[in-house]
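Residue numbers (the UniProt record's numbering), protein chains in the order written: chain A, 1 to 176; chain B, 1 to 504. Even glycine gets a Cβ: it sits at the ideal position worked out from N, Cα and C. First comes the structure, then the notes that go with it.
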Amino acid sequence: MSSTTLEMAPAAGRSAQGVKRSTMEVFTSLTLAALGAAAIWDSLRLGAGWGAEGPQSGYFPFWIGLILVGSSFANLLPLMRARGAAAEEMFVTWPQARLVMSVLVPTVFYVAAIPVIGIYIASAALVAYFMMRLGEFTWRSAVPAAAATAVVAFVTFEIWFLVGLPKGPVEDMLGF
Amino acid sequence: MDDIGLLMQGFGVALQPDNMLLMLIGVVLGVLIGVLPGLGGANGIAILLPLTFAMPPVSAVIMLSCIYWGALFGGAITSILFNIPGEPWSVATTFDGYPMAQQGKAGEALTAAFTSSFIGAFVAVVMITFVAPVVAGFALRFGPPEFFAVMFLSFACFVGMAKGSPAKTLASMMLGFLLAAVGMDTVTGQLRMTFGSEEMIRGFDFLVAVIGLFGISEILCSIEDGLRFKGQRAKIDLKVVLKTWAELPKHTFLAARSALIGCWMGITPAGATPASFMSYGVARRMSKDPDGFGKGKVEGVIAPETAAHAAGTSALLPMLTLGVPGSPTAAVLLGGLIMWGLQPGPMLFVEQKEFVWGLIASMYLGNIAGLLVVLVAVPWFAAILRVPFPIIAALILTVCAIGAYTVSNAEFDIVLMLIFGIVGYIMKKLDYPLAPLVLALVLGDRTEEAFRQSLLVSQGDVTVFFHNWLSGGIMALGIAMLLWPLLSWARTALLGGFRGARAA
């Protein structure tokens, strides 16, 4: 399922500056290897051998961790041989990264805001922000759309499905 | 045949008015999910799963599986009209579907796609009806070694049939197994890999992972090209439908072959996406006019759509009979079964007859409902993509956050979802496959349990997996699958070495 979007944007700015694919490959491989190593370390702590009740808790994760470390290093091998165009291929160009960040950064704030102000107000703010910053809408259309989002979500979940979602001070004030 | 009688009873269950309504809601939601980028069959169902806990399991599974059929249909709409595959399995449909739409034959292309999807699904459901009880009866005799062997085989298939790097497939799978192991060990009660964090004790819920990996990451990937939808207009009226249907009998052989490819790829966990590509490739190779492909040939729409739908449907066969899902979406449905208190596997066919046959009957009806809905409502669904991307993106992010929260009412899960989204974005861009990760996350605990029980019985003797011809045979097949990429790699390495030496 991995190739969809790659094929959608095959040549977007091949010559532009950005993060090199090989850099990301090395970073990902090393991170996965570190996770594998952490699993091995924790498994050894629990015991990765044969105990009174058969295989100990660490037995299975130990081997999984070992295979993860092995396959991560195997992923580094083709990188060392890559030359020319393959070595210069971009993971993401700076203009692309800026677009991704324009979605990702507000989303991080959104997730961080949910425990404080509740999911409804946060969602409304997200819709309004996206419409005005990314969509060139004026507040005249953004504010009603945001309010509609919050109200529809509230009615659907709190009243129709009786599923309680995180709420904040505004909902308290309204008496929910 | 008492199976036929059971199937008729199943139709009785599925035809209850409530269930018919849920079927319709499911199909409409599914098409919507299939049309929108960032929402797919797997994470659409993952988001809606918590809302079904109050329903009886039969109704819940009918609605959720209908979402799946709807999503399979919906992927074709965006492929043909917008050249944007709404789902990975409809990438192959864009090759000829979009050129057809550009030539003003959008109606024909859509009708052909929907009809062949329906035929593919129908063949697969008939196959499930007759094969599933046999497989389940057979699997009733399975012990832990046989179950481990089956899971080993399905994971080995991923490595052996991987389109990209087998090492990446393996790494992604092992990451899934590790995430599954985090938290309480079900056998000894010890805490594993929590590293002192309280949030980690609950472990990683695969629904949260699915929503992040498939939903959030898709939004991040889509925004990269500053996505603007530019689509062809479509109008389907009865005349176009009937005209296209009159042409279709010419392609009976093509459809039959594509359905067979799909069924096979669906049962082995290769899934719908490779099935659609393979079917397209075979159709082009065996065509009298291979150069016409890619320029708007109706065969190029029929072949991938039939196979994708057949594969998507038959992926439920191993899920129902063995408890081993054939696709990420089937894996999410399997997670649903567990949450509704049903034990997936062969015992379902003995203990939950009503559930199983109700589901199978709903597959027949749901696909008919799906075909009707998409034929009637294509223009409206296509209109959704004229909504500006910022609004769609914000709404999808909101829906994902709500879905992640409702899985277990934990705010921390929303944070996890975001992390999984970033991880999924990086993995997608580096061609790490996500399906093995999800399947390993779902099956991790049960694979480990089967493994440990087997070793316990045999007192630690690994040869227990070869103790009879059945598990031994499955294990041998799995090992062959694992070694396959190694063998082909060694061959190319050797040949490359010779060539390099000669060049030097």
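Distance cutoff 9 Å, beta carbons only. Does residue i sit that close to anything in chain A?
i: arginine 446 of chain B; result: no
i: serine 165 of chain B; result: yes
i: asparagine 409 of chain B; result: yes
i: valine 442 of chain B; result: no
i: methionine 417 of chain B; result: yes
i: glycine 300 of chain B; result: no
i: lysine 429 of chain B; result: yes
i: phenylalanine 451 of chain B; result: yes
i: valine 241 of chain B; result: no
i: alanine 46 of chain B; result: no
i: tyrosine 98 of chain B; result: no
Candidates the options: which alpha carbon is nearest residue i's?
i: proline 56 of chain B; options: B/Glu354, B/Ser408, B/Val376 and B/Gly370; result: B/Glu354
i: leucine 238 of chain B; options: B/Glu108, B/Trp469, B/Gly143 and B/Phe147; result: B/Glu108
i: alanine 322 of chain B; options: B/Val27, B/Ala76 and B/Phe138; result: For the sequence presented, residue 322 of chain B should be read as leucine rather than alanine. Selected option, being the one with the closest Cα: B/Phe138.
i: alanine 54 of chain B; options: B/Met339, B/Pro436, B/Ile426 and B/Ile391; result: B/Met339
i: glycine 424 of chain B; options: B/Leu213, B/Gly472 and B/Lys295; result: B/Leu213
i: isoleucine 201 of chain B; options: B/Gly183, B/Gly215 and B/Ala71; result: B/Gly183
i: glycine 135 of chain A; options: B/Val376, B/Ile223 and B/Leu477; result: B/Ile223
i: leucine 220 of chain B; options: B/Phe412, B/Ser488, B/Gly444 and B/Leu397; result: B/Leu397
i: glycine 478 of chain B; options: B/Met347, B/Leu170, B/Phe152 and B/Arg257; result: B/Phe152
i: cysteine 400 of chain B; options: B/Ala14, B/Ile419 and B/Trp484; result: B/Ile419
i: methionine 347 of chain B; options: B/Phe73, B/Arg192 and B/Phe142; result: B/Phe142
i: arginine 192 of chain B; options: A/Phe137, A/Ala142, A/Tyr129 and A/Tyr59; result: A/Tyr59
i: histidine 251 of chain B; options: B/Ser172, B/Pro274, B/Glu299 and B/Gly292; result: B/Glu299
i: isoleucine 62 of chain B; options: B/Gly370, B/Phe389 and B/Leu482; result: B/Gly370
i: phenylalanine 324 of chain B; options: B/Leu439, B/Asn468 and B/Ile474; result: One detail in the question is off: residue 324 of chain B reads as valine in this sequence, not phenylalanine. Measuring from the Cα of valine 324 of chain B, the nearest candidate turns out to be B/Leu439.
i: glycine 473 of chain B; options: B/Pro145, B/Gly164, B/Thr188 and B/Met427; result: B/Pro145
i: lysine 295 of chain B; options: B/Ala71, B/Gln103, B/Ser59 and B/Gly5; result: B/Gln103
i: valine 462 of chain B; options: B/Ser454, B/Asn468 and B/Leu140; result: B/Ser454
i: glutamate 53 of chain A; options: B/Val187, B/Ser165, B/Phe147 and B/Leu6; result: B/Val187
Does the beta carbon of residue i come closer than 9 Å to any beta carbon on chain B?
i: threonine 138 of chain A; result: no
i: proline 144 of chain A; result: no
i: glutamate 158 of chain A; result: no
i: glycine 18 of chain A; result: no
i: alanine 9 of chain A; result: With a pLDDT of 43 at alanine 9 of chain A, under the threshold of 50, the modelled position of this residue cannot be trusted, and the question is left open.
i: proline 55 of chain A; result: yes
i: glycine 164 of chain A; result: yes
i: tryptophan 50 of chain A; result: yes
i: isoleucine 121 of chain A; result: no
Indicate the three-state DSSP secondary structure (helix, strand or coil) for residue i in the structure shown.
i: phenylalanine 91 of chain A; result: strand
i: leucine 191 of chain B; result: strand
i: glycine 460 of chain B; result: coil
i: glycine 120 of chain B; result: helix
i: residue 181 of chain A; result: Within the shown structure, residues of chain A are numbered from 1 to 176, placing residue 181 of chain A beyond reach of any answer.
i: lysine 168 of chain B; result: helix
i: proline 436 of chain B; result: helix
i: isoleucine 419 of chain B; result: helix
i: arginine 141 of chain B; result: coil
i: glycine 294 of chain B; result: coil
i: glutamine 9 of chain B; result: helix
i: threonine 4 of chain A; result: Unreliable placement is indicated for threonine 4 of chain A, whose pLDDT of 34 sits below 50; the coordinate value is still reported in the next sentence. Helix.
i: proline 106 of chain A; result: helix
i: residue 515 of chain B; result: Since the first and last residues shown for chain B are 1 and 504, residue 515 of chain B lies out of range.
i: histidine 467 of chain B; result: coil
i: valine 155 of chain A; result: helix
i: proline 485 of chain B; result: helix
i: glycine 323 of chain B; result: coil
i: proline 17 of chain B; result: helix
i: glutamine 103 of chain B; result: coil
i: arginine 452 of chain B; result: helix
i: glycine 175 of chain A; result: coil
Who does residue i pair with in a DSSP beta bridge?
i: lysine 20 of chain A; result: A/Met90
i: glycine 183 of chain B; result: B/Arg192
i: glycine 51 of chain A; result: A/Gly54
i: glycine 118 of chain A; result: A/Lys167
Less than 9 Å between the beta carbons of residue i and residue j, yes or no?
i: alanine 360 of chain B; j: proline 318 of chain B; result: According to the sequence as given, residue 360 of chain B is isoleucine; it is not alanine. Taking 9 Å as the Cβ cut-off, isoleucine 360 of chain B and proline 318 of chain B do not qualify as a contacting pair.
i: phenylalanine 177 of chain B; j: glutamate 448 of chain B; result: yes
i: alanine 106 of chain B; j: threonine 93 of chain B; result: no
i: isoleucine 169 of chain A; j: phenylalanine 451 of chain B; result: The sequence shown places proline at residue 169 of chain A, not isoleucine. Contact: no.
i: isoleucine 84 of chain B; j: leucine 333 of chain B; result: no
i: isoleucine 211 of chain B; j: serine 258 of chain B; result: no
i: proline 328 of chain B; j: leucine 434 of chain B; result: yes
Of all the CB atoms in chain D, is at least one closer than 9 Å to the CB of residue i?
i: leucine 32 of chain B; result: In the structure shown, chain D does not exist; the protein chains are A and B.
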